[in-house]
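Visitor: Below is a structure I'd like to ask you about.
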Amino acid sequence: MVSRLRSFFKGTYLGLMLLFLYAPIIVLIIFSFNESRVMGNWTGFSFKWYAKLFEDSTITKALSVTLSVAVLSALSATIIGTFAAIGIHSMRKRPRAVVENISQLPMVNPDLVTGISMMMLFAFLGFKSGYMRMLIAHITFNIPYVIFSVLPKLRQSSDSLYEAALDLGCTPMQALRQVVIPDIMPGIVSGCMLAFTLSLDDFVVTWFSSNGVENLSVYIYAAARRGISPMINALSTLMFVAVVTLLLIINLKSMKEERELAAQQKRLRAAARP
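To get this note's numbering, take the position in the sequence shown, counting from 1, and add 6.
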């Protein structure tokens with residue numbers, strides 16, 4: 007009886023938590039198909055806001071800036087963060103702990119402080135290109151998240167793989183490219199996805215570093231003072247569906263690889279039996 011009550015309350019808690027998290031998104035998706043411009047006043051099902059979305063040059067320009075910055079910053083931060091994580095992992099214990107703590111500072115530092123600091127740095131350097139300022143700022147705050155996505159996979163991996171590759175004739179770069187990186191690839195992919203979503207989501211750092219260039223977060227903030235257009239609901243729905251689809255593809259691929267690896271290990275164990 008007690009175990010049934012416990013499982014019931016666990017399920018209820020999980021259901022309420024998921025409802026609290028996803029109810030606003032569900033409402034947004036539903037009203038993106040509302041014919042009326044007024045939120046909360048359902049007048050009929052329509053795709054007109056999706057059609058108008060792609061006719062608005064301001065939104066499409068902000069979307070292109072957002073996606074290009076997110077992709078470039080995620081790829082750049084993933085490359086830099088992966089090599090940084092490998093370097094940190096190869097350090098001795100005490101200096102490694104110091105560098106890890108320093109690397110954590112941008113993650114716990116308030117976005118407001120980071121944004122103002124980046125703005126002052128760009129002003130001091132006389133760097134005026136708004137797009138490049140935004141891109142550099144996004145790469146900067148994404149790197150620590152990639153580092154701490156890759157480090158756990160490096161700890162799980164065995165250092166003997168790298169040493170064995172060297173013993174078999176690989177150069178250090180070949181061993182890194184053909185042995186170490188494939189072994190930690192799940193952490194690299196996770197870090198890249200996290201960097202991409204953080205770049206899409208960021209507002210404060212972008213606001214201080216954009217210098218007049220608008221991405222979606224800056225555009226929506228400016229538009230909110232005049233009233234949110236239903237086109238934003240349509241755009242948010244498309245972005246949500248795209249991100250969920252991408253996550254499903256990655257997770258399904260990871261599950262398939264894990265099943266194949268488990269099946270291969272099972273076959274090897276069966277072949278090793280007398």
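From the three backbone atoms N, C-alpha and C, an ideal C-beta is built for every residue, glycine too.
1. So, helix, strand or coil for residue 51, using DSSP?
2. Is it true that the CB of residue 157 sits closer than 8 Å to the CB of residue 256?
3. Short of 7 Å in beta carbon distance, which residues of its chain neighbour residue 219, apart from the five on each side in sequence? Order them along the chain.
4. Thinking just about the alpha-carbon of each residue, which of 273, 228, 258 and 212 is nearest to the one in residue 120?
5. To the nearest angstrom, how far is the alpha carbon of residue 202 from that of residue 153?
6. With a cut-off of 8 Å, do at least 3 Cβ pairs link the segment 172-183 to the segment 31-39?
7. Based on Cα-Cα distance, which residue from 269, 252, 236 and 272 lies nearest to residue 44?
8. What residue from 52, 208, 108 and 101 has the CA that sits closest to residue 117's CA?
9. Going by C-alpha to C-alpha distance, which of 185, 130, 145 and 276 sits closest to residue 164?
10. Which word fits residue 26, buried or exposed, when buried means at least 16 other C-beta atoms lie within 10 angstroms of its C-beta?
11. Just list the alpha helix (DSSP H) runs in the segment 120-201, keeping only unbroken ones of 4 residues or longer that don't cross its boundaries, in chain order.
12. On the DSSP bridge assignment, give the partners of residue 40 in chain order.
13. Smallest Cα separation from residue 128: which of 90, 226, 193 and 214?
14. Residue 206: buried (16+ other C-beta within 10 angstroms of its C-beta) or exposed?
15. Going by Cα to Cα distance, which pick from 142, 32, 98 and 126 is closest to residue 74?
Guide: Reading from the atomic positions:
1. strand
2. no
3. 71, 136, 137 and 140
4. 212
5. 14 Å
6. no
7. 236
8. 208
9. 185
10. exposed
11. 136-162, 165-173 and 178-181
12. 51
13. 214
14. buried
15. 142
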